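Following numbering that gives the first Met the number 0, the numbering of the sequence shown begins with 0 at its first residue and continues without gaps. Here a beta-carbon is modelled for each residue, glycine too, at the ideal position from N, C-alpha and C. These figures come from a predicted structure and were not determined experimentally.
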Amino acid sequence: MNGAVSTIRKGIARTCIMGACLIVAGCGNSIVERQDEVVASALPYDSVPCDTLFMHRDTLAAQYGLPLDARPVFVRQPYGIGPLTPDVRSERRRKAEAARGEIDAMNRSLTRRKCVEPAPVLPQ
0 MNGAVSTIRK
10 GIARTCIMGA
20 CLIVAGCGNS
30 IVERQDEVVA
40 SALPYDSVPC
50 DTLFMHRDTL
60 AAQYGLPLDA
70 RPVFVRQPYG
80 IGPLTPDVRS
90 ERRRKAEAAR
100 GEIDAMNRSL
110 TRRKCVEPAP
120 VLPQ
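The following block contains the structure:
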């Protein structure tokens, strides 16, 4: 009987240690925290001339293969688990998600200022 109690205690201790490790793994590197960082403010773009901002947005979208109306994408996590889930996305994917946030912020600035998109240049 003593051996069974000892085994149960060891199992409980291992479970507690594993739970603590899971919590620590998500701290500072959680996918939810990183996803929140990609939402950018449109205010810094308000001082950029419209034509320059259109060009910058188009270049950024082309660099990452994103549409011109890209918006941040959020991964759905089970309630309460998100802050504990480590972010295991590749560096390229993280940069593309950050670009989505910037493109969205630029579009919000352009819309708010009622900038008119320049007509595309047609080849002669």
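- Query: Taking the alpha-carbon positions, what's the residue 25 to residue 116 distance?
  - Reply: Annotation note: pLDDT 46 at residue 25 (below 50); position unreliable, no value reported.
- What is the residue span of the alpha helix (DSSP H) that residue 49 lies within? Looking at the DSSP string, the run of the alpha helix (DSSP H) that includes residue 49 is 49 to 63.
- Between 43, 47 and 92, which lies nearest to residue 74 when the distance is taken from Cα to Cα? 92
- Message: Can you give me the C-alpha to C-alpha distance between residue 40 and residue 98, rounded to a whole angstrom?
- Response: 13 Å
- Query: Using CA coordinates, which residue listed in 61, 8, 71 and 57 is at the minimum distance from residue 37?
  - Reply: 71
- Message: Beta-carbon within less than 8 Å of residue 57's beta-carbon, same chain only, minus the 5 sequence neighbours each way: which residues are those?
- Response: 67
- Under 7 Å between C-beta atoms of residue 63 and residue 105: no
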